Every structure is written in C-alpha cells, then in structure tokens.
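All remarks here apply to the structure that follows.
4 protein chains.
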Amino acid sequence: MYPEPIQKLITLFTRFPGIGPRQAARFAFFILKEKDPFVSELRDALAAAEAQIGICSTCFRMMERPDGTVNSCDICTNPRREAHLIAVVEKESDMRNIEQSGVYHGLYHVLGGVISPLDQDSPKRIRLKELYERVEKRLKDTAACEVILATNPTTEGDTTARYIERVLAPLASDHGALTISRLGRGLSLGAELEYVDEITLKNALTNRK
Amino acid sequence: MYPEPIQKLITLFTRFPGIGPRQAARFAFFILKEKDPFVSELRDALAAAEAQIGICSTCFRMMERPDGTVNSCDICTNPRREAHLIAVVEKESDMRNIEQSGVYHGLYHVLGGVISPLDQDSPKRIRLKELYERVEKRLKDTAACEVILATNPTTEGDTTARYIERVLAPLASDHGALTISRLGRGLSLGAELEYVDEITLKNALTNRK
Amino acid sequence: MYPEPIQKLITLFTRFPGIGPRQAARFAFFILKEKDPFVSELRDALAAAEAQIGICSTCFRMMERPDGTVNSCDICTNPRREAHLIAVVEKESDMRNIEQSGVYHGLYHVLGGVISPLDQDSPKRIRLKELYERVEKRLKDTAACEVILATNPTTEGDTTARYIERVLAPLASDHGALTISRLGRGLSLGAELEYVDEITLKNALTNRK
Amino acid sequence: MYPEPIQKLITLFTRFPGIGPRQAARFAFFILKEKDPFVSELRDALAAAEAQIGICSTCFRMMERPDGTVNSCDICTNPRREAHLIAVVEKESDMRNIEQSGVYHGLYHVLGGVISPLDQDSPKRIRLKELYERVEKRLKDTAACEVILATNPTTEGDTTARYIERVLAPLASDHGALTISRLGRGLSLGAELEYVDEITLKNALTNRK
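Protein chains in written order, with my numbering: chain A, 13 to 221; chain B, 13 to 221; chain C, 13 to 221; chain D, 13 to 221.
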C-alpha cells in the first residue's frame, strides 16, 4: 500500500540485522522527511565505505585502504602488540569488544562465521585454511605461537573450537612450539549462584583455584 | 576507533529513529559485509525515493509523483471516499494504521507534529493554517464538513486538539455547517478494569451507553 | 529434596496467584528464617480473616462482620451513594480499582466470574440470579434503575455482558424504568494511534463526539 | 480502605520477598476466596514448619528434626560425600542450586549472609567463627581440607571471600594441609563475546587453558 519507491526502501531496510517491517517503515519515513542533505550524505557514505574499506589480508578485520590497495591492518602491523598470541574470534564485533576492554595485547584472526553441526559446508565458509597457513608460517619463522580459541561459549562456538583444534593438531605435533588454548569458563561477573546453569557450575568447580 | 568511512556511516545510522550506537555499528558492518549489489541497490533506492516522492498538496501525506509534479494523492482524489470527513492526525503513521484498519472512509489531514505546551513555536511548525484554509474552502463550496480530531490521547495530543478547536471556532460560528469531533475515549480492547487508569475509567463511565 | 514440612509449605504457596515453584520456595525459606513473631502473626491473621470476613448479601463484595452475622456492606448501606446505579463487575478487584479512582458513586454487583462460551455451566457459577432478583426488587420499589455492565473488554467479558442483557430483558420490557448500559469503548489514556488495534479504532470513530 | 483483617494480611504478605502491595492484596483476596480447607492447611503447615524445621549444627542448612533435637543434616552425615571439601555459600538457595546440578559431592557451609564493605557489623552476622572452628577441628583430626569459597561473583561476594581467606590464613600456615580455593571465573554458558563485560573478559583470558 506504500508508493513503490518507499516500498523498495522498506524492503531493503528489513534486511538490516534486527529490523522488522514496522521499524523498516519508520526508517523509510524518517529518510523521506529528512531529505537533503541527510539522504545525499547517507548515499555518499555508503559509496565511500564500499570504495575505501578493505579487509586485512592477515587477520581479516575491516580496515581503511588509503590508496585502494589491500594490505595489513594497524593491529597486525603494530610492533608493540604481542605477535605470538593469536585470538581466533567468530566475528569482527567480538574482536571489537575484546579490543575495547583493553585486556588483550596480542593479534586476532576473524573467522567470519562458525561451524554448524547441521551444515556440512560451514567449515569451508570460515577462514580456516588462512588460519592454518598463518600459524604454519609463524611457526617456521619464529618457533613460538599461542592460538587462543575465543569462540563463543555456545554449541556452535564449541564445535568450531574443537574443529580448529583438530585442524591445527598436525602443526602442534610437528613443531612443538604451538600452544592451543581456550578462554576460561566459569562464573561471569554478576552471575548468581542461585540461578547459574549446571554446565557453568561444573566449569566453575573444575576451574577453581 | 573505527576507520573513518565506517565511523561516518555509524554516525548517520544513529540518527535513524530508535537506533543507538551499538545497533548503528551493526548496520555499518552488515552493509560492509553485504557489499554489492545490496549497497548499490540501497543507494539507488535512496535516490529514487528522494526524486519520486512528494507530498500531497491537500492532506500532506507522502505520495509518488509520476511526472515530478506535486498534486493530490490517491485518497484525496478518490471519489468514493466520504469527502465531508477530515481526520486530523499528528503524523503519517497514525493515518497509515487507521487506513489499514479499514474502518474509516473519509479524508485525512497530516499535521506533521503536535503542539507542545512548553514550546511556543510549535503551533507554527504544524500544518494548522493549511487546515484552516482547507476547511474554509470546503465550507464555502459545499456547506457541510466534519473535522475529526484524531490526535493521540496524550497531553500533547489533547493540547493540539484544543488548540485546533479554537483555531477553527470562527469557521464553526460563521457557517454553521462545521462539526468538530474527537475520537471516543474509553476502554480499549483487552484493557483490564482491575488496572485501568483513573482518567480512562472516568471516560468509560461518562461515555457509557 | 526439601524436608517434608518445607515441601508442604511450598506446595501451598504455589497455589497463590502468579506464584511458581521457585518463588514459592523463596517464600518458604523466608518464613523459616523469619520465624517468630512473624509466623505466629501470619497464622493469627489467617485465622482472623477467615473468622471475621463475610460477604455482603447485596453486592457480594467482602466485608468485615463485627458480630459474626452477615449483612450489607458499607457501600450498600451508605445513603450518599447513588442507589439507582448498579455497576456489574466480574470480580472484587475490578470494583476496588473503580472505587479507588473516585469517579463512580453508585453501587456494585460482584459477579464472581465470567461466562465462558466454552463452558456451559459457567452461567450458573456467577451471581446472575442474585442480580436479577436485586434489580427486580429495586424496580418494584422505586421504578428507576441503571445497570452498568462493567465487565472487561475481552471476549469473555463481552459474552457475559450480552448474556446479562438477555437475562434482564424481561425486566426492561416489564417496567420501562430499567436502563442497561455498557462502559464506553475507545482510546484509553496514552494509547498510540499508530499501533492501536482495529476494533478500538472502530469504537473510537463510532463513539466520537 | 480494606476491612482491618484483610489489611493485616496484606501488610504481612508485603514482607514476603519480591511482593508489592498489589500482589499482596491479590494473595489476601485469594485466601479469603479459598477459605477452608486451604486456610487451615496453610496455618497448619506454618505451625509444622516452625516446630519441625531446625538448622544443621555443622553446615547450618535447614533440616527436619524428627524428634525435636537439633543435630547434623543428611549431607553432613552421608559417608559417601567427599568430606575434605567444604563449599562456603552465602545462602541456602545457592547450595540448593549446586546440589541440584549434581556436579559437587563435598560438604557445605551456609554463611547466612555476606560482608558488606559499608556495614562494619556484617562480619559478626555471618557464620565465620563456626567456619573457623569447623575447619580447625577437621585439620586436627585428619590433616587435609579444601575450603571452596563459593560466594557470588559480586562486590559483596568477593569482599566476603577475601575476608574469609584472611580469617582462615592462620590455619593455612599452621597446618599446611588447608587449601583455600575460589570458583573459576570466565565465560558462562551462552555468554556472547560481543557483549561480555571487561572483567569477565579479563578473567576468561587469564584463566585460559
């Protein structure tokens, strides 16, 4: 029942993460009410982002390409980062949160997805081969490396971590200088023992110290 | 901490209604991940909406301008609508909901805002003069008109309705053929008498029948 | 897994309205921790409430029985209430909310339930016969009465209201002095036209004034 | 505005954990509607709980006293529990959840509260002296004991844990056979790295393995 150009906008906005038809319609009406210069600014920003943003060829996070060539990001090229640590995360926003916390000073590897037990092709869609080659190269060069599997504590995250452990196993046995670790499990800040789930309780007991 | 083109996108998305920095960042990363053709489609849709969408010169709702000229929308020009009824709404989405309900067959007038008791300029920002002239013209032409004040049952909506009543009062006394009404107040579907507020209870009792 | 006396308490508390096993357990532990004098006070209060609270023989709300005899409550016997108005409510808490709002000064009739379209016996379980006799008596005595059907605006509430209208119909035609009304329907305070349901919109339009 | 016996019940119910005046009123009306045998059952259950429930003289959880004498509970006297493990919890419901999870087979010590940094008397109100004596006795008898500080991962829980560590320190140095541990901190099941707080991230990194 909306004019076609509005309907088209709404359809595109419903593809935004977490946006249903009602909010997509609010976005469309907001944009039509704002008009210039907001709409031109938004169009320009979309074009600029598409043209100027690339992906780091080492860790696969997004980065600005000043000259249009793809190379390594400011974390991968920062000599003050602890280069023997590689935190493997599912997606860029996980990395973002770790980075903002300021508690980690190593490097990252963005998988770009998880392995789903129900989807046989899922291992091919994440950057596993790239991780293998990156670790292999590092081991040959320097003889020490810790891969921290920082996937989420969910079924898919755990499946992915186990899969990566198996993939990297040959490197671990070949070189001896590879450590593979996982983030610690237990009580998170503010958890309530009265309500905590059984698996977390078990982890908290096992990992007591 | 994001590359500038991403930051610019995030800043623009935070201006979308109901969107905070976190979700704006999710939008930006979604767009950068989707890339073509989604981004081009979105840019084209923004351009099309800006170029092709106009505002009805009678009721001020948005409408498509097939030939780029602004005129009246398909509700205002539909001979089967009850032209003696004008429902005055705060914003287009209110009109939309009434229209979708299928219970109203008259015309609309989109105010484009409300009168705030705390903002002396607010009466100038809504389409009051346009309403006055529209009603005046109609009365001269046809001698019968009902203006239904369909503002929201809130402090601002009620202030706006009272203000409009005063503005239209001269037309009511001059012509005698103008009725000004307000939407009925009372229990809405699914309300619970156990919890209903005092004002709604009072309305429900006063308007019993 | 709890000691039997605690388990028994928990079981009884789960029968309280809106209380699940977890909160019932919290109540039981709270009580065991409080001990005297709280527990004795609670036991005494339960005994007192059971012994001293009766039901008004006219409107069927709860009332204190100073001497252990059941008679009429302080609303039914208050000469300043408008005795020609009888608001028929589903349950005492509805009456309570109307009373606290201070917008009504007539009498009440507590049905003690609703009629469910799926439960053929439900008409027998609510105080319909008592309402009929009360209205009949009043009409014979004084020749004027308005029954306000203040059931909830739900399917069951509306079914109940329609049923009562049919039950009281003979009295209406016999005496001519009986009015049967329902609470007004429309927009409740704070409703948003953008989201309001179709039936409420229809009521708001029909009942405009 | 309620009859006094009802008001008294409501006042007592508002002291129940998590219950406000509105729900307390619902409880009171529920009870008055249920009447016998529910009210007598509830009164009897309250009396029984008060008379028959005692506190374990070892771990301080609640227990049934079959013959009215207070002694040790079925966990403390169960020869199959790992008697060298004492999990120190803030309150009985924490113990309950651990017990239901089935992941722990040692003993407990219910503190009955936490130490608040703002309340100087709070250390006296929890069962610290009893813990000290229990551990001291066990060390003398058997020469091995682990105290697991299972307080909540909150400011007060951590303050309490640190305080207990200091209190037990003399026993640790004297006997050499005392271990004091805390539940592991890190990611809880289902946590999302994208949103996890900084302290939990730090714990997850520090406790990686």
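Where is the CB? At the ideal position from N, CA and C, for every residue including glycine.
The model shown is predicted, which means the values in this text are computed figures rather than measured ones.
Nearest to residue i by CA position, among the options, is which residue?
i: lysine 214 of chain D; options: A/Asn219, A/Ala203, A/Leu195, A/Val159; result: A/Leu195
i: valine 126 of chain D; options: D/Arg34, D/Glu111, D/Glu104, D/Gly118; result: D/Glu104
i: aspartate 106 of chain A; options: A/Leu97, A/Thr163, A/Asn219, A/Glu204; result: A/Thr163
i: alanine 57 of chain A; options: B/Ala60, B/Ser52, B/Ser134; result: B/Ser52
i: threonine 167 of chain A; options: A/Ser128, A/Lys136, A/Thr212; result: A/Ser128
i: aspartate 170 of chain D; options: D/Arg137, D/Ser193, D/Gln35; result: D/Ser193
i: glutamine 132 of chain C; options: C/Tyr175, C/Glu210, C/Leu199, C/Thr212; result: C/Tyr175
i: tyrosine 207 of chain B; options: C/Ile110, C/Arg220, C/Ala61, C/Tyr14; result: C/Ile110
i: cysteine 157 of chain B; options: B/Gln35, B/Gly188, B/Ala173, B/Pro165; result: B/Gly188
i: tyrosine 144 of chain B; options: B/Pro165, B/Ser134, B/His121; result: B/His121
i: leucine 205 of chain B; options: C/Asp209, C/Leu205, C/Ser200; result: C/Ser200
i: glutamate 142 of chain B; options: B/Arg55, B/Thr89, B/Gly114, B/Cys68; result: B/Cys68
i: aspartate 48 of chain D; options: C/Cys88, C/Ala59, C/Arg77, C/Leu54; result: C/Ala59
i: leucine 54 of chain A; options: B/Leu190, B/Phe25, B/Met74; result: B/Phe25
i: isoleucine 98 of chain B; options: B/Thr218, B/Leu161, B/Ile18, B/Tyr14; result: B/Leu161
i: threonine 191 of chain D; options: A/Lys221, A/Lys136, A/Pro135; result: A/Lys221
i: histidine 96 of chain A; options: A/Thr218, A/Thr154, A/Arg108; result: A/Thr154
Thinking C-beta only, is residue j closer than 8 Å to residue i?
i: glutamate 102 of chain B; j: leucine 119 of chain B; result: no
i: arginine 139 of chain C; j: phenylalanine 41 of chain C; result: no
i: isoleucine 65 of chain C; j: leucine 44 of chain D; result: yes
i: arginine 146 of chain D; j: threonine 70 of chain D; result: yes
i: valine 179 of chain B; j: valine 100 of chain B; result: no
i: glycine 198 of chain C; j: alanine 216 of chain C; result: yes
i: glutamate 210 of chain B; j: serine 84 of chain C; result: no
i: glutamate 16 of chain D; j: glutamate 76 of chain C; result: yes
i: methionine 74 of chain C; j: isoleucine 22 of chain D; result: no
i: proline 135 of chain A; j: alanine 203 of chain D; result: no
i: histidine 117 of chain B; j: glutamate 148 of chain B; result: no
Does the beta carbon of residue i fall short of 7 Å from some heavy atom of the ligand FAD?
i: glutamate 145 of chain C; result: This structure does not include the ligand FAD; it has no bound ligands of any sort.
Check residue i in the structure and name its three-state DSSP category.
i: alanine 99 of chain A; result: strand
i: arginine 55 of chain D; result: helix
i: threonine 282 of chain D; result: Here chain D covers residues 13 to 221 and nothing more, so residue 282 of chain D does not appear.
i: arginine 108 of chain C; result: helix
i: isoleucine 87 of chain A; result: coil
i: threonine 212 of chain D; result: helix
i: tyrosine 120 of chain A; result: strand
i: valine 126 of chain B; result: coil
i: arginine 220 of chain C; result: coil
i: serine 134 of chain A; result: helix
i: arginine 178 of chain C; result: helix
i: leucine 199 of chain B; result: strand
i: valine 159 of chain A; result: strand
i: leucine 190 of chain D; result: strand
i: glutamate 168 of chain A; result: helix
i: isoleucine 65 of chain C; result: strand
i: glutamate 145 of chain C; result: helix
i: glutamate 206 of chain D; result: coil
Exposed or buried, what is residue i when buried is set at 16 or more other beta-carbons lying within 10 Å of its beta-carbon?
i: serine 185 of chain B; result: exposed
i: lysine 20 of chain C; result: buried
i: leucine 130 of chain C; result: exposed
i: glycine 32 of chain A; result: exposed
i: proline 182 of chain D; result: exposed
i: alanine 37 of chain D; result: buried
i: arginine 92 of chain A; result: exposed
i: arginine 34 of chain C; result: exposed
i: proline 29 of chain B; result: exposed
i: threonine 89 of chain A; result: exposed
i: threonine 212 of chain C; result: buried
Using a C-beta to C-beta distance shorter than 8 Å, which residues of chain E count as neighbours of residue i?
i: glycine 30 of chain B; result: Protein chains A, B, C and D are contained in the structure displayed, whereas chain E is not.
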